[in-house]
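Read the structure below first, then the notes.
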Amino acid sequence: MKILKHEEIRAMRMKLGLTQTQLAQLAGVTQAYIAKIEAGKADPRVSTLEKILAALERAAPKKRTVAGEIMTSPIIYIKPTDKIRKAVRLMESHGISQLPVLDKFAQVGSISETTLMRKIADRVDLSKLMLQKVEKVMEGPFPAVDRGTDVDTVYRLLEHSPAVLVVERGRPAGIVTKADVLKLARGKSS
Numbered sequence: 149m150k151i152l153k154h155e156e157i158r159a160m161r162m163k164l165g166l167t168q169t170q171l172a173q174l175a176g177v178t179q180a181y182i183a184k185i186e187a188g189k190a191d192p193r194v195s196t197l198e199k200i201l202a203a204l205e206r207a208a209p210k211k212r213t214v215a216g217e218i219m220t221s222p223i224i225y226i227k228p229t230d231k232i233r234k235a236v237r238l239m240e241s242h243g244i245s246q247l248p249v250l251d252k253f254a255q256v257g258s259i260s261e262t263t264l265m266r267k268i269a270d271r272v273d274l275s276k277l278m279l280q281k282v283e284k285v286m287e288g289p290f291p292a293v294d295r296g297t298d299v300d301t302v303y304r305l306l307e308h309s310p311a312v313l314v315v316e317r318g319r320p321a322g323i324v325t326k327a328d329v330l331k332l333a334r335g336k337s338s
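Its first residue numbered 149, the sequence shown is counted upward by one per residue in the numbering used here.
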């Protein structure tokens with residue numbers, strides 16, 4: 149733990165817009181004691197400094213991560229009139245497992261490896277499948293959110309969908325997948 153100097157405590161409190169009374173309540177000490185510490189007239193125990201630091205950390209605003217910060221852009225997409233063969237090539241070459249289907253900047257559906265695997269499992273002729281248009285096998289569109297949507301909302305949507313489209317002014321601007329969320333979680337844990 150970092151040992152705070154009296155002037156650092158005051159500077160942190162002021163930066164957070166807290167009064168001595170508010171900090172005292174959060175830390176479980178008296179306002180008079182905070183005043184003495186800040187003036188350098190008291191030498192608090194380490195446990196008291198820990199309480200004050202914890203109170204200052206709790207009072208600090210938490211940075212909120214939003215969809216626009218974790219999205220992948222530009223979006224790799226497919227058109228409804230493209231052949232499935234092209235969708236497979238795009239997924240393979242970019243190392244992704246799903247694509248939004250866009251028609252003139254409007255999301256009209258989605259296609260994924262899972263969709264194609266279901267078709268193959270249904271004994272659909274693979275060579276014929278590759279020549280079909282995407283619109284023949286596509287599934288519903290991915291849920292869409294705006295750039296400022298909190299990642300907690302995106303997490304909940306990803307529980308039911310392989311991806312979430314991020315839109316700006318009604319147009320697709322990026323995409324968030326489960327892999328993006330896992331990268332974010334890995335970054336926070338290191």
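For every residue, glycine included, the Cβ atom is placed at its ideal position computed from N, Cα and C.
Boundaries of the alpha helix (DSSP H) in which residue i is found, first to last residue
i: VAL293; result: That residue, VAL293, is in no alpha helix (DSSP H); its beta strand (DSSP E) goes 292 to 294.
i: LEU166; result: Careful: LEU166 lies outside any alpha helix (DSSP H) and carries neither H nor E.
i: GLU316; result: Not the alpha helix (DSSP H): GLU316 falls in the beta strand (DSSP E), residues 311 to 316.
i: ALA208; result: First-last for ALA208: undefined, no H or E at that position.
i: GLN280; result: Note, GLN280: premise wrong, no alpha helix (DSSP H); not H, not E.
i: HIS242; result: 232 to 242
i: ILE182; result: 179 to 187
i: LYS284; result: Segment: none, LYS284 is in no alpha helix (DSSP H) and carries neither H nor E.
i: LEU306; result: 299 to 306
i: ALA269; result: 261 to 269
Local Cβ density within 10 Å of residue i, reported as buried at 16 or more and exposed below that
i: VAL194; result: exposed
i: ILE232; result: buried
i: ILE268; result: exposed
i: ILE151; result: exposed
i: ASP328; result: buried
i: MET160; result: buried
i: SER241; result: exposed
i: ARG158; result: buried
Beta bridge counterpart(s) of residue i as assigned by DSSP
i: ALA254; result: ASP251
i: ILE226; result: VAL249
Cα-Cα separation between residue i and residue j, rounded to whole angstroms
i: ILE182; j: ARG317; result: 49 Å
i: MET219; j: LYS184; result: 48 Å
i: ALA180; j: PRO310; result: 56 Å
i: VAL302; j: ALA321; result: 15 Å
i: THR297; j: VAL324; result: 12 Å
i: ALA172; j: ARG212; result: 27 Å
i: SER337; j: GLU205; result: Because SER337 sits at a pLDDT of 45, beneath the cut-off of 50, its placement in the model cannot be relied upon, and the following sentence gives the value as read from the coordinates. Answer to the nearest angstrom: the Cα atoms are 19 Å apart.
i: VAL293; j: ALA333; result: 20 Å
Boundaries of the beta strand (DSSP E) in which residue i is found, first to last residue
i: ILE323; result: 319 to 325
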